[in-house]
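Encoded as structure tokens, the structure appears first; notes follow it.
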Amino acid sequence: MSEAVSPLPDTEAVPVEQRAASQAAADTILYMDGVSVSFDGFKALNNLSLYVVAGELRAIIGPNGAGKTTMMDVITGKTRPDSGQLFFNGSVDLTKLDEAAIANLGIGRKFQKPTVFESQSVLDNLDLALKGNRRVFAGLFARLGKAQLERIDEVLERIALTDFRGQRAGNLSHGQKQWLEIGMLLMQDPELLLVDEPAAGMTDAETEKTAVMLQEIARSHSVVVVEHDMEFIRALDCHVTVLHEGSVLAEGSLDSLQNNRDVIEVYLGR
Amino acid sequence: MLLSNDHGRLLSPLGSRITLGLLLTVAVLVPLLNLAVPPGSFFHVPTYLVSLMGKYLCFALLALSVDLIWGYCGILSLGHGAFFALGGYVMGMHLMRQIGDRGVYGNPDLPDFMVFLDWKELPWYWYGFDSFPFALLMVVLVPGLLALVFGWLAFRSRVTGVYLSIITQAMTFALLLAFFRNDMGFGGNNGLTDFKELLGFNLQADGTRAALFATSAVTLALGYLLCRWIICSKVGRVLIAIRDAESRVRFLGYRVEFYKLFVFVLSAMLAGLAGALYVPQVGIINPSEFSPAQSIEIVIWVAVGGRGYLHGAILGAVLVNYAKTYLTGALPEIWLFFLGGLFIAVTVFLPKGIIGSLSSLRDRLPVAIMRNPFQREVPGE
Amino acid sequence: MPALFKVFRLRLLAALIVLLLPSVALAGLAEDLQALTDKSNAIKAAAVESLAADGHERAVPILQAFLAGRLFEVKEDDRIVIAEDRAAGYRIFDAMTGEALGEVGKRALRKVRINNRLRQAVKAGLGALTLASADPAARRHAADAVFRSAQADMIAPLEAALVRESDPKVAARLGRALAATELATADDKVTRITALKALEAFADPDVRALVSGLLVTDGEGQPAERDADVRAAAAETLKAIEATLAFNGVIASIFQGISLGSVLLLAAIGLAITFGVMGVINMAHGEMVMIGAYTTFAVQEVFRASFPGAFDYSLLVAIPAAFLVTGLVGIGIERGIIRFLYGRPLETLLATWGLSLILQQMVRSIFGPTNREVGNPAWMSGAWEVAGGLTLTYNRLWIILFALMVFALLMALIRFSGYGLQMRAVTQNRPMASSMGIRTGWVDAMTFGLGSGIAGMAGVALSQIDNVSPNLGQGYIIDSFMVVVFGGVGNLWGTLVGALSLGLVNKFLEPYAGAVLGKIIVLVVIILFIQKRPRGLFALRGRAVES
Amino acid sequence: MKSVIRGAIGAAALAVAVTGGTAAQAADDVIKVGVLHSLSGTMAISETTLKDTVLMMVDELNKNGGLLGKRVEAVVVDPASDWPLFAEKARELLEGEEVAAVFGCWTSVSRKSVLPVFEELNGLLFYPVQYEGEESSRNVFYTGAAPNQQAIPAVEYLMSEDGGGAERFVLLGTDYVYPRTTNKILRAFLNDKGISDDDIMENYTPFGHSDWQTIVSDVKGFASQGKKTAVVSTINGDANVPFYKELGNQGIKAEEIPVVAFSVGEEELAGLDTGPLVGHLAAWNYFMSVESDVNDGFIEQWHAFIGNEDRVTNDPMEATYIGFKMWAQAVKQAGSTDVDAVRQAMYGQTVPNLTGGTAVMNANHHLSKPVLIGEIQDDGMIETVWSTDKEVVGDAWSDFIPESAKLTADWTYPWVCGNCEAPKYVTAN
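Protein chains in written order, with this note's numbering: chain A, 16 to 285; chain B, -2 to 378; chain C, 3 to 549; chain D, -1 to 427.
What follows is the structure in structure tokens.
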């Protein structure tokens, strides 16, 4: 969708006290306030507010249709919010930027379904993601320097794909593709990583390995993980936000949430 | 040290070496066999074959330009014939100006069709075409500019897939109708014809034809090299990435629209060049080159040869056009059955086209396993 | 015996008179009839006038036969006969007496030639003779013929006819003829000005032609009408008529736009299924339309050969026949080719293009390369004269109706039938549908068959307004794609709205820009529109769209 | 280096394959004639008939002993309504097949496309369709009508008392050279006759135009301005059927607004119910309905050849017939198929028209033919209502276009030129 959707002022959705961007805390890397999105009458996000602090590892859970993926779409510029505020690093208004600009600001994203460039090699995939000049004419004459090659090797090591360097990405196993995508995120070296269901379809061993990988990454980046798998969330051991029907239902540690009545009702009730 | 640009491998796959070798050989051999070998000898190539093969080479260049955007970037243009035709018209305008007062009405300023339709003076957009360098510039600029405007609008609004294909079709259809109009000043349905000479050489002389043929072959070879150079560069890999997963590329921070625009404009320019080489060899340019059916045929050449293989596009163009030449002469009443059948058979039995099927055959051989795992692979080769 | 002689002479004279009286008339008839075969059209025209003026009872059949091209001369004895078509030749009747003369071969007769000038004369003559006909349609035609001829001696018969006329429509036509005749022939100004006023009620092109004829100036700047008052009245009448005509013109444009839109809709709706719903870039769609049109031709051939009397109903048979034939062809194509290509939409483009070449050539081989005649049934010929200058042609009206009916039926089928449910299930989620026990292969084949069958029905409609030739489909394929894409792929309502709006835009542009430029503008508008809404008029918005 | 050698072998193989595929051995006892008519694509609808006509004529010639004691063989190719392909096929016929003459082309653009080829290779083309004139090539014989053999007589007829005395004209045409030129000539002619530009409406539509609602309404409007109006149609090919259908349905009667067409014959009407169109006119040099013994024979021969009694004959077929007969006579007279000898023998060659009288080939490569005007009948035939007293000489250059009025086409000594203001050679006297 590319056309700018005219903001539909939703009287209910607009928060009573409008907080200006400058008032956001300096260490808030992602500031979402009162964001609403609707598709043909269906409210995918309903007055959603969420704040992520720099360096934080945050997990987001919620049942199907809670708006997790739409939230990611909004942050990365794929979907324009109908209303609400969205700031990155305190002052950059994300609602005015497109995907490429947002990516270049330092927000990386991993999709729900592993999306790597299947017809290209693992090496090429990482090379494409490597932080650098994204212009066409630079690309025509670009060369990989020694430092960059070393960086690639380092990431290959981290995602355990060193031996698959020259393989077509399409030939990798499902789990390996997930890692490759995480590796691509690392190559981008973003300030904020949005990771959508990294453990989906993985074996237990792979899941464990992935959790370790993310924790490691979280040491140097802010990470937001969307996940279904409670075991995995537990392994991440971080602050958790529960989404329901497009807004935040509860927040806190996993243990506290597991005793929250609302959360139990949403997951088990009905 | 590995390069991000793989230009060292520009010629490494067998296909490209054969292609270039062939092109350069025919560029020398065919004119030689035409001019130096006496008629009647077994090795003599008659002039009509020179022109015919020259025409095939122009089509091959056109197919190459389509493969560049379709095979490598996933942009299916069903209107590429428009760029070809525009290049052709530019060359046609230059050739018309070269006629001077040798037209049937002997008017030194106006082409015959303008005299005929009562035009009093040369319209402004015909100015400058007497100059060959200017015309040559326009050959790439006019199609390039149209592609720039059209592409900028389309790619910026992220028109993709069939929507893009259909509006490219609308574009060429609109141009077809526009060029049909006699009021446009491009000769209407009859188009531009009755050319006399190019750069002072008589277009009907064997030498000129041979030279045009050689030029076409060399241009095609250069075009091929240019395309390979792009494909082997990082840009090439971004293009393939766009073809395979466009939104992923955006989230990596690439401005997909600029990449698409770059390759689309370049492709349009190559198509324009092909058109410009085509016109002096066939002797006429008229609006039927804009017809959507023509553009669809170009896509079919590429599909038959093998989408995503540059030499496949060349092979497809030559093969399908040769089949057309042969069948319309040998089986004039039923040739469409064969051609139509060929298209269906290729899609059903050789979904990757001829080259694609050949190379997947090659991939199945044990040799493939032995290949150096660290060697970069350009998808499609 | 002078007395006896005298008596004898008297008797002879009486007998002669008795014999001669009708034969004077008969001689006149024979002379006029003979004059009809003259080389000079002027003499022929005079003969027609004289025939009509004499009012002999044979004049009407003779003139009617002359008009219909059924008046012949027997080559052997130059006798003039009226002929009726028979399989082997003609059945002939003596023109003078109506006596049957048996059957002769076509070569034995020489046609009595007629041309436009004579046709006009004959119609005028027949008009005068048939004002009192029992058939209201004939009286109406007669009134119109008199309107055109505008001869002074018709005023009295017109007035008489007007008095006894019971049909109000015919009475109006009589009034129009009377006013026109008075305007043309009356001597006094007042009658003529009154006639002009009366004509204001009949705002049609013929009346406008008549009235503006008064205002035309000749080479020296002299107006055709010498009387300034009549000219002024004529100018006023003309103004009133033109205002009505202009209003009717707008209505006509709307009608024409909807009509063009309905043609586009018919052509596109099948594609909206095969392309829009199934994702097959079906370049052979136009050929399905063409096969539908040829099916119509074949059905009509059967009717012509076996049931000539029921020819008017041939289309009612052709519609289901075309649906079945093209539907089966479509199923065959789907099973034979398309099903191997799902998930590779661009390859379907290639294969169906090859297919379209084959189908065109096949039809060319079977039916020949030239146009085939598809007749219009009587109920689709002619036009409905709603008001002056506003004639809605019946074939277009029926096609609009037909298009909307097809659309409604299709929507109902998809929405309410079990098959429709399965089809929607398969197009939305194939693996899920398959796992629920829906035979997806069957549904695919049926859906492609349905799209093709609808294209075939479109062919029946198009055969009524366009060439039935192997190229028929080529003319519609691009427009069809434009409509589907403009409306939004996968949305049938979009196709409806898209088709009608493109039709209307085209027709409103045409008077200003001309047909070619108008079409170019529409194409450019589509291109620009797609920039604004990259997924057409009725695009789905949401997450599912881009996945 | 190895790859380059491999490439060379491949190239040579390709070249041989291409040559072997198309070059044919010309046997000594055969005279070849090329048939260059589209058998597929948009023009197949019209051109296929002409291909069959040539085949029929060849057949007849062979039955009568051939030509110069040799058998005549027709080489049929399909240029597929693709104009550059016409040039390619022409070259193939002349250079590859070495045909003695070519019968072909329908559209002007196809003729323009092959013209340079015929001139370069000194071939012979017989072009059988009415066209816009403004051309006289040494290598082409034009057996169809020039504008002065169709348009002017037709308009004169419309203005006459018999034709209805039209004073206002609508010129409808397909947007290409033939209608544009014809209408330009007609406008000049009408202005000459005192009809002002206000009384002339010109309208052009694209090829294959199928929606005539607006234009037919416009014609009705234009005709209701108090003057007798006639329509001159140069609408081409496929667009005619929808045009006439609309005309019939909107009730435009021939007595009120007669339409005279130059590209409509029995063939074009074959797809139509002509009941509502009776009286509309066509101007051409031949109608199937013309009664003459030669015509009856021709129609019979055609029906026998094509195996279908319903097929009609038309003007371009007659033009093909005349062209073929003339060529055969010229070959006999020249005693050879040599192009230059045959060309010389062509001038003054006569063939009886199917409609009576004789067609004569003039030194400007155009024929003298009678002009007929016919009215459409309800059986789809066109019946002659008027004809010229004697044959009209086809003009290569129109007298009504100032630039071309001064040009002369005469390929005999001393002119020897298709477009000259003065003879090439000065006569010695």
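The beta carbon of each residue, even a glycine, is placed where N, CA and C say it ideally should be.
Just to confirm my understanding: we take asparagine 62/A, look at its own chain, exclude 5 residues before and 5 after, and list those with CB closer than 6 Å. What are they?
Excluding positions up to five away in sequence, the list reads Ala28, Gly49, Ser51, Ser262.
How would you write the range of the alpha helix (DSSP H) that serine 288/B sits in, first residue to last?
Run containing serine 288/B: none; DSSP gives neither H nor E here.
Please list the residues of the segment 154 to 182 of chain D that have a C-beta atom closer than 8 Å to any C-beta atom in chain B, keeping them in chain order.
Here the close residues are Asp173, Tyr174, Val175, Arg178, Thr179, Lys182.
Cβ of glycine 263/D less than 8 Å from any chain C Cβ?
With 8 Å as the cut-off, glycine 263/D does not count as an interface residue toward chain C.
To which residues does DSSP link proline 225/C through a beta bridge?
Looking at the DSSP assignment, proline 225/C forms a beta bridge with Thr219/C.
Which ranges would you report for the alpha helix (DSSP H) in the segment 25 to 97 of chain D if only whole runs of at least 4 residues count?
Runs of the alpha helix (DSSP H) inside the segment 25 to 97 of chain D: 42 to 61, 81 to 89.
Can you have a look at serine 13/B and say buried or exposed, based on whether 16 or more other CB atoms are within 10 angstroms of its CB?
It counts as buried.
What in chain A is Cβ-close to serine 230/B, meaning under 8 Å?
Result: Gly154, Leu155, Phe156, Ala157.
Measuring CA to CA, which of Leu405/D, Gly416/D, Ser385/D is closest to lysine 41/C?
Among Leu405/D, Gly416/D, Ser385/D, the Cα nearest to that of lysine 41/C belongs to Ser385/D.
Say whether the segment 224 to 242 of chain D touches the segment 175 to 185 of chain D, bearing in mind that this needs 3 or more beta-carbon pairs closer than 8 Å, one atom from each stretch.
These segments touch.
Below 8 Å on the Cβ atoms is my guess for alanine 427/C versus threonine 203/D; work out the distance and round it to an integer in Å.
At roughly 47 Å, the Cβ-Cβ gap does not stay under 8 Å, so alanine 427/C and threonine 203/D are not in contact.
Using beta-carbon positions only, say whether arginine 124/A and methionine 86/A come within less than 8 Å of one another.
No. Outside cutoff.
Nearest chain D C-beta to tryptophan 298/B closer than 8 Å, yes or no?
Not closer than 8 Å to any Cβ of chain D, the Cβ of tryptophan 298/B fails to qualify, so no.
Taking a cut of 7 Å between CB atoms, which residues from the segment 327 to 339 of chain B lie near chain D?
Listed by position, the residues of the segment 327 to 339 of chain B near chain D (Cβ gap below 7 Å) are Pro329, Glu330, Trp332, Leu333.
Given a cut-off of 8 Å on the beta-carbon distance, is the pair tryptophan 104/D and methionine 54/D in contact?
Not in contact: tryptophan 104/D and methionine 54/D (Cβ atoms no closer than 8 Å).
So, for serine 402/D: in the same chain, excluding its five sequence neighbours on each side, which residues have a beta-carbon less than 7 Å away from its beta-carbon?
Hits under 7 Å: Glu132, Trp395, Ser396.
Under a three-way DSSP split, which group does aspartate 314/C fall into?
It is helical.
Just the C-alpha distance for glycine 19/D and tyrosine 323/B, rounded to the nearest angstrom, thanks.
In this prediction, glycine 19/D scores a pLDDT of 40, lower than 50, which makes its location untrustworthy; no coordinate-derived value is stated.
Give me the subset of the segment 400 to 415 of chain D whose CB atoms are less than 8 Å from a CB atom of chain B, sorted by chain position.
Residues Glu401, Ser402, Leu405.
When the distance is taken between beta carbons, is glutamate 286/B closer than 8 Å to glycine 18/B?
Taking 8 Å as the Cβ cut-off, glycine 18/B and glutamate 286/B do not qualify as a contacting pair.
Could you give the DSSP three-state label for asparagine 186/A: helix, strand or coil?
Helix.
Taking the straight line between their C-alpha atoms, what separation do you get for threonine 165/B and valine 151/A?
Rounded to the nearest angstrom, the two C-alpha atoms are 24 Å apart.
Since phenylalanine 342/C meets chain B, which of its residues come closer than 7 Å, beta carbon to beta carbon?
Per Cβ cutoff of 7 Å: Val345.
Return yes when the Cβ of alanine 188/C is within less than 8 Å of the Cβ of serine 151/C, no when it is not.
No, they are not a contact pair.
What number of angstroms, rounded off, separates the C-alpha of glutamate 165/D from the C-alpha of valine 257/D?
Going from the Cα of glutamate 165/D to the Cα of valine 257/D covers about 14 Å.
Which residue marks the beginning of the alpha helix (DSSP H) containing lysine 225/D, and which one marks its end?
Taken as a continuous stretch (DSSP letters only), lysine 225/D belongs to no alpha helix (DSSP H), as it is neither H nor E.
Applying the criterion that 16 or more other CB atoms from any shown protein chain within 10 Å of the CB defines a buried residue, is tyrosine 122/B buried or exposed?
The residue is exposed, with fewer than 16 neighbouring Cβ atoms inside 10 Å.
Just to confirm, are glutamine 327/D and glutamine 299/D a CB contact at a threshold of 8 Å?
No, Cβ-Cβ distance for glutamine 327/D and glutamine 299/D is not below 8 Å.
For arginine 124/A, which beta-bridge partners are listed by DSSP?
The partner list for arginine 124/A (beta bridge, DSSP) reads Leu209/A.
Using CA coordinates, which residue listed in Tyr242/D, Gln147/D, Tyr129/D is at the minimum distance from glutamine 466/C?
Of the candidates Tyr242/D, Gln147/D, Tyr129/D, the one whose C-alpha sits nearest the C-alpha of glutamine 466/C is Tyr242/D.
Which whole-angstrom value describes the C-beta separation of phenylalanine 152/B and leucine 258/B, a residue pair presumed to lie in contact below a C-beta threshold of 8 Å?
Confirmed, Cβ separation roughly 6 Å.
Just to confirm the assignment, what range does the beta strand (DSSP E) spanning glycine 91/C have?
Unbroken beta strand (DSSP E) run through glycine 91/C: 91 to 96.
Take leucine 494/C and list the residues in its own chain whose beta-carbon comes closer than 6 Å to its own, dropping the five residues that flank it on each side.
Hits under 6 Å: Ala274.
Can you name the residues that DSSP bridges to arginine 112/C?
Arginine 112/C is bridged to Glu75/C.
Would the beta-carbon of isoleucine 271/C fall within 8 Å of that of isoleucine 456/C?
Yes; because the gap between Cβ atoms is below 8 Å, this pair is in contact.
Taking the beta strand (DSSP E) that asparagine 417/D falls in, what are its first and last residues?
Its beta strand (DSSP E) spans residues 415 to 418.
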